[in-house]
Each structure stands twice: as C-alpha cells, then as structure tokens.
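> This is the structure I have questions about; it appears just below.
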Amino acid sequence: MNRANAWPPSTVEQWQLRRLREIVSYAYKNVPGYFRLYRDAGIDANCLRSLQDIRLLPAVTKELLRDNLDDFTSRAMPKWLMRYATTSGSTGIPLGFYCDLRSRAIESAFMHHFWRSAGWRKNPVMAVLRGGFTGTNSTCYSFDRVWKELHLSSYYLSESKCRDYVEALAHYRPSVLQSYPSAAFELARLLMQADTDVGRMFDIVLLGSENVYPYQVETVRVAFPNARVLWWYGHSERAIFAPWNIEDHCYDVAQLYGVAELLATHPGEQKSPAAGELIGTSLWNRATPFIRYKTNDLVPWEDAAFLDTGILKSFHSVIGRRHNQLMSVEGRLAPVPTTSLHDDTLKKVKQFQFFQDTPGLVWFSYVASSGLEPEDIKTIMDVFTRKMGEGFEFRARAVEALPRTKSGKSLVVDQRLSTRNTEESGRADAASIL
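Residue numbering for the sequence shown follows the numbering used here, starting at 81 and increasing by one per position.
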C-alpha cells in the first residue's frame, strides 16, 4: 500500500484487473454458486479484458448469499482457514458468511494504514466503544493488557453510569477512541454534561460501522477538542472500503481493497439526480467471495466521481441503506431528514429514533433533556414534516431509553416495512431531501 501511493492510474488499473481475474477464476473453479451463475451467463475470467468488463458478471444479493451460503462457500479452502462472520442485520437482511484468515489480516492492514494517516502509531492505549464488549450494569468496562485496549460497553451509556466511564478513562488515559458514531456521540454528550475534561486526552477519534451524521461529528469535535476525527465507509462483508478525505470532503475508494461501482437500481435506468446503488467486489476474501455484491447502500449520482474505467473513485455522501429510508403513504421512499439534525432542532433531545411499521406514519421516539416543553416537540414535528414533504405524518413519544441492536448499535431508523417494491418512486425524491 505504501508503494502503491506512487503508482500511476494505469498501474493501479492493471493491478485491479489482474486481481479481479484471479478471484473470478477462483470462484468459477471452487465455488458452486458462482460456477452456475457464470456458466449460465456464458462467461469466465477470460472474458475480463478490461475493468469495464466487470459488468459482464452477474450481480449477487444478500438474499442469494444468505439462502445459499453453502453453495457460495469455497470448496478448496480448509475449514480451519475460515472464520464465520455475520452482519448486524441493520439493512433488514442479516447475513452470515465466511472470511479467510489471510483476508482478515489484510483488512487490518488497510484499516491501520488509514489510521496512520491521522497520526496513529503502534501500541497506543485505545478506548474501544463498539459492540464487542457487552458488560453489565455494574461492570461497564474492561482492560485488555495485551492489546492495551480499554473496552467500554455501548449498552450502558447513561447519565447514571457516566461516572464509571469517566473514572475508567481517567485511570487508563487512552489517546485513541474507536467507536460507533452513535456511541461516540452519546459518550461525548454525557461527558460534556458531566463537565469533565477527560475528553481532552484523545488525539484521534475513529468512527466506523454506521452511517456518520453531521450532528454526531460536530458534537464529538466539541467534546474532544484535541482530537482529529476520522471516519470511513465500510461494511462487514468487506467489499468496499472508502476512508473520508478531510481535505476534499469525500469518501475515497481504496482501489487495492476492492472494485466499487455505482449502478442504477433498475435495469435500463439512466443516470439522474437520484441515487444509484453501491456494488462491491472484494479482491481478497476467497472463503465466501463477494463479487459484484449489491450492498443496498445508495449514493446520489451527483455526489459520485468516476475513474476513466467507469469504476467508482469517490463519493461525497451515502443516503443510507434502502431499509433505513422512510415510506410515505403513497409508497414514496425518502431518507430521514438528517439535514435538520445538526442545527438547533434537537438541542433539547438526548437521544432519538425514527420508527415506522405503517406507510406514511413515523414515530419519533426521544429521550428528553431538561427544559423540553410541548411547544418544542411541536416545532420538531413541524420541521420533520416540512423536510419530508407530503405523505408523512410524524408522531412523538417520550421513552426512558432507546433499544440497541445485538452488536450494540443505536439505530437512527427502525424500519419494519418492505421497501423492495417502492424503490422507483423513492429515487426521484431522495436528492431534494438531502
């Protein structure tokens, strides 16, 4: 990766094409599901004469891999070299798959190569605020002396436990925080409310595994004023990795990591101000290969930049997963009104979540801060209604706490509707809401 920084685009393209041919050839020979797909399409690795030819390959979906995992798992790789992994199901489609040990190490290399650009060096004390450590109501942290990691539970972040988090941070003094964006936001809010300066010890804050919203970044930067805040686009399937470029204000696709495409969500659709779907091809994992994998993540066409090969180079924003959009009473899909979440609209709200199980009706669940009045809630509902347009009704409900997923994430949208049959109408309105 260090050497590749000096490669001209033509060398990167040749390297990608060689790796693409290798992974396709491997899948054709050793993965029954891909063999049948490519045989029926009348193609193999020899058909890939340029990167543009990747579009000859059939795309695969989460449902296809989930329902036929055995057929899409390598027959040539020993079981001891494979590890079972799962997605959190935040797209609405939980997925289990296998990754090989080599690809896991390579994933770590890509991640740390990016972190190093932010000033990260080996062996810092790192606070980890993700879903790996659950903890209990009495034990919200643990310290791994081998890896020098302070594991903080994302399940017990609350005012009543804030003192425990402050004491753990003050004792172990980590210089790096790696966290879900939602958890970092909540920790930042609690530390500011507690009027403590422990947040000043962080030099770097790394946010990943969830959509990152402006209001989260702004709050984290205020709470941790000495830290450089970095984030990236990625997913458990490890088909696309795109670190955020602070100077250019965009996600730069790591071309050595995988091949990223942006495609119309329906055959024959032309580029428009609406969004396309991210399609990723891992160049490393052979246990369950992800080749032209439909991520369900949407990017506005106007936010995307492409290489001469037509491969995605960068993008400025991710609307979010289709399952994380809201549906109007007419079936129109639209992303949540996140543009209103970094101003004063929610200044008196601690936590919130949009819940929908009926087209057109959206419940806004919130945990109130002191001073929240009925007229404040009415203002919030008016802002959301104006942002989303016709066909939406917002209702508010106060809750003591918001639920978290099994992996410890706090979802901004809890969407219980099937959006598959209403994508066409939603694409036309997505850009206007952004």
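Positions of the beta carbon are idealized from the N, C-alpha and C atoms, including for glycine.
1. Could you round the C-beta distance between Leu406 and Gln436 to whole angstroms and report it? I think they count as a contact, below 8 Å.
2. Going by beta-carbon coordinates alone, are Gly205 and Lys228 separated by less than 7 Å?
3. By alpha-carbon positions, which one of Glu143, Glu290, Leu249, Gln132 ends up nearest to Arg210?
4. Could you give the distance in angstroms between the alpha-carbon of Phe265 and the alpha-carbon of Ala354?
5. Please classify Tyr260: does DSSP put it in a helix, a strand, or coil?
6. Given a threshold of 16 other Cβ atoms within 10 Å of its Cβ, counted over all protein chains shown, does His329 qualify as buried or as exposed?
7. Tell me whether Asp224 is buried or exposed, calling it buried when 16 or more other Cβ atoms sit within 10 Å of its Cβ.
8. Return helix, strand or coil for Arg477, following the three-state DSSP convention.
9. Where does Ser397 land, buried or exposed, given buried means 16+ other C-beta within 10 angstroms?
10. Given this structure, state the Cα-to-Cα distance separating Pro323 from Ala334, to the nearest angstrom.
11. Per DSSP, what kind of secondary structure is Lys430 in: helix, strand or coil?
12. Are at least three pairs of beta-carbons, each pair with one atom in the stretch 439-446 and one in the stretch 468-475, less than 8 Å apart?
13. Does the distance from the CB of Asp180 to the CB of Ala367 come in under 7 Å?
14. Here's the rule: buried if 16 or more other CB atoms are within 10 angstroms of the residue's CB, otherwise exposed. What is Leu155?
15. Below 8 Å on the Cβ atoms is my guess for Phe213 versus His193; work out the distance and round it to an integer in Å.
16. Going by alpha carbons, who is nearest to Arg146 out of Arg496, Asp275, Tyr164, Arg184?
17. Suppose you measure from the CA of Gly169 to the CA of Pro483; what does that come to, to the nearest Å?
18. Let me make sure I understand the geometry here. Which of Arg301, Phe304, Ser394, Lys428 has the alpha-carbon closest to that of Lys458?
19. Taking 8 Å as the limit between beta carbons, can you name the residues of its chain near Gly314, skipping five residues before and five after?
20. In the DSSP assignment, what residue or residues form a beta bridge with Asn325?
21. DSSP puts Gly176 in a beta bridge; with which residues?
22. Report yes if the CB atom of Ile371 is closer than 7 Å to the CB atom of Val339, and no otherwise.
23. Suppose the cutoff is 7 Å on Cβ atoms and the five residues either side in sequence are ignored; what does the same chain contact list for Asp383 look like?
24. Do the stretch 82-101 and the stretch 358-365 make contact, defined as three or more Cβ pairs closer than 8 Å?
25. Thinking Leu136 and Cys127 are a contact (beta carbons under 8 Å), I'd like their distance in whole angstroms, please.
26. Measure from the alpha carbon of Gly356 to the alpha carbon of each residue in Pro380, Leu336, Pro369, Thr375, then state which is nearest.
27. Might you give, ordered along the chain, the residues of its own chain that have their beta carbon closer than 7 Å to the beta carbon of Phe386, omitting 5 neighbours on each side?
28. Taking a contact to mean a Cβ-Cβ separation below 7 Å, would you say Cys519 touches Ser233 in this structure?
29. Taking just the CA atoms, how far does Leu149 sit from Glu143?
30. Mind checking which residues open and close the beta strand (DSSP E) that includes Met206?
31. So Thr167 packs on Ser316, CB below 8 Å; how close in whole Å?
32. Which first and last residues belong to the beta strand (DSSP E) in which Glu393 is found?
33. Report back the beta-carbon spacing between Val285 and Val309 to the nearest angstrom; my notes put them in contact at under 8 Å.
34. How many whole angstroms separate the CB atoms of Lys374 and Ala139, which I take to be in contact at a CB cut-off of 8 Å?
35. In angstroms, rounded to a whole number, what distance separates the CA positions of Thr299 and Arg269?
36. Can you look up Arg308 in the DSSP assignment and give me helix, strand or coil?
Based on what the coordinates show:
1. Within the sequence shown, numbered from 1, the residue matching residue 406 stands at position 326. Within the sequence shown, numbered from 1, the residue matching residue 436 stands at position 356. Indeed, because the Cβ distance is near 6 Å, the residues count as touching under 8 Å.
2. As a first step, residue 205 is located in the sequence shown; it is residue number 125 there, counting from the start. As a first step, residue 228 is located in the sequence shown; it is residue number 148 there, counting from the start. Looking at the sequence itself, residue 205 is Val, so the reference to Gly does not match. A contact, by the Cβ cut-off of 7 Å.
3. The residue you call residue 210 lines up with position 130 of the sequence shown. If we check each option's Cα against that of Arg210, Glu290 comes out closest.
4. Taking the sequence shown and counting its residues from 1, the one referred to as residue 265 is at position 185. Taking the sequence shown and counting its residues from 1, the one referred to as residue 354 is at position 274. Going by the C-alpha atoms only, they are around 30 Å apart.
5. On the sequence shown, residue 260 is found 180 positions in, with the first residue counted as 1. Looking at Tyr260 - three-state DSSP - the assignment turns out to be coil, as it is neither helix nor strand.
6. Here residue 329 refers to the residue found at position 249 when the sequence shown is read from its first residue. Result: exposed.
7. Taking the sequence shown and counting its residues from 1, the one referred to as residue 224 is at position 144. Burial is judged here by how many other beta carbons sit within 10 angstroms of a residue's own beta carbon; Asp224 has fewer than 16 and is exposed.
8. Position 397 of the sequence shown holds residue 477. Reduced to three states, the DSSP call for Arg477 is strand.
9. Sequence index remark: in the sequence shown, residue 397 carries index 317 (1-based). By the neighbour-count rule (16 or more Cβ atoms within 10 Å), Ser397 is buried.
10. Position 243 of the sequence shown holds residue 323. Position 254 of the sequence shown holds residue 334. Straight-line Cα distance between these residues: approximately 8 Å.
11. The residue given as residue 430 occupies position 350 in the sequence shown. Of the three classes helix, strand and coil, the one that applies to Lys430 here is strand, per DSSP.
12. In short, these stretches touch, since the Cβ pair count reaches three.
13. By one-based count along the sequence shown, residue 180 stands at place 100. By one-based count along the sequence shown, residue 367 stands at place 287. A contact, by the Cβ cut-off of 7 Å.
14. By one-based count along the sequence shown, residue 155 stands at place 75. According to the sequence displayed, residue 155 carries Arg and not Leu. With fewer than 16 other Cβ atoms within 10 Å, it is exposed.
15. Position 133 of the sequence shown, counted from the first residue, corresponds to residue 213. Position 113 of the sequence shown, counted from the first residue, corresponds to residue 193. Taking the Cβ atoms as the reference, Phe213 lies roughly 25 Å from His193, outside the contact range of under 8 Å.
16. Here residue 146 corresponds to residue number 66 of the sequence shown, with the count starting at 1. Out of Arg496, Asp275, Tyr164, Arg184, the CA that lies nearest to the CA of Arg146 is found in Tyr164.
17. Stepping through the sequence shown from its first residue, residue 169 is reached at position 89. Stepping through the sequence shown from its first residue, residue 483 is reached at position 403. Low per-residue confidence applies at Gly169: pLDDT is 48, beneath 50, and the placement is therefore not dependable enough to give any value.
18. To locate residue 458, count along the sequence shown from 1; it is residue 378. For Lys458, the nearest C-alpha among the options comes from Lys428.
19. Locating residue 314 in the sequence shown gives position 234, counting from the first residue. Gly288, Ser289, Ile320, Phe321, Ala322, listed in sequence order.
20. The residue given as residue 325 occupies position 245 in the sequence shown. DSSP output for Asn325 lists Cys330 as bridge partner(s).
21. Reading the sequence shown from its first residue, position 96 is the one you call residue 176. Looking at the DSSP assignment, Gly176 forms a beta bridge with Thr166.
22. The count along the sequence shown starts at 1 and reaches residue 371 at position 291. The count along the sequence shown starts at 1 and reaches residue 339 at position 259. The answer is no: Cβ separation not under 7 Å.
23. Indexing the sequence shown from 1 puts residue 383 at position 303. Contacts found: Phe395, His396, Ser397.
24. The stretch 82-101 is in contact with the stretch 358-365.
25. Indexing the sequence shown from 1 puts residue 136 at position 56. Indexing the sequence shown from 1 puts residue 127 at position 47. Here Leu136 really is in contact with Cys127; their C-beta atoms are around 6 Å apart, less than 8 Å.
26. Within the sequence shown, numbered from 1, the residue matching residue 356 stands at position 276. Measuring from the Cα of Gly356, the nearest candidate turns out to be Pro380.
27. The residue you call residue 386 lines up with position 306 of the sequence shown. Contacts found: Leu392, Lys393.
28. Absent from the structure is residue 519, since the part of the chain shown begins at 81 and ends at 514.
29. Looking up residue 143 in the sequence shown gives position 63. Looking up residue 149 in the sequence shown gives position 69. The alpha-carbon of Glu143 is positioned some 10 Å away from that of Leu149.
30. Along the sequence shown, read from residue 1 onward, the residue named residue 206 stands at position 126. Start and end: 206-209.
31. Translated into positions along the sequence shown, residue 167 becomes position 87. Translated into positions along the sequence shown, residue 316 becomes position 236. Confirmed, Cβ separation roughly 5 Å.
32. In the sequence shown, residue 393 corresponds to position 313, counting from 1. For the record, residue 393 in the displayed sequence is Lys; it is not Glu. Where Lys393 is concerned, the enclosing beta strand (DSSP E) stretches over 392-395.
33. Sequence index remark: in the sequence shown, residue 285 carries index 205 (1-based). Sequence index remark: in the sequence shown, residue 309 carries index 229 (1-based). Rounded to whole angstroms, the Cβ separation of Val285 and Val309 is 5 Å, and the two are in contact under 8 Å.
34. Within the sequence shown, numbered from 1, the residue matching residue 374 stands at position 294. Within the sequence shown, numbered from 1, the residue matching residue 139 stands at position 59. So it is a contact: roughly 5 Å between Cβ atoms.
35. As a first step, residue 299 must be located in the sequence shown, where it is residue number 219. As a first step, residue 269 must be located in the sequence shown, where it is residue number 189. Cα to Cα, the separation comes out at about 7 Å.
36. For the purposes of this step, residue 308 is identified with residue 228 of the sequence shown, where counting begins at 1. Look at Arg308 here: in three-state DSSP terms it is strand.
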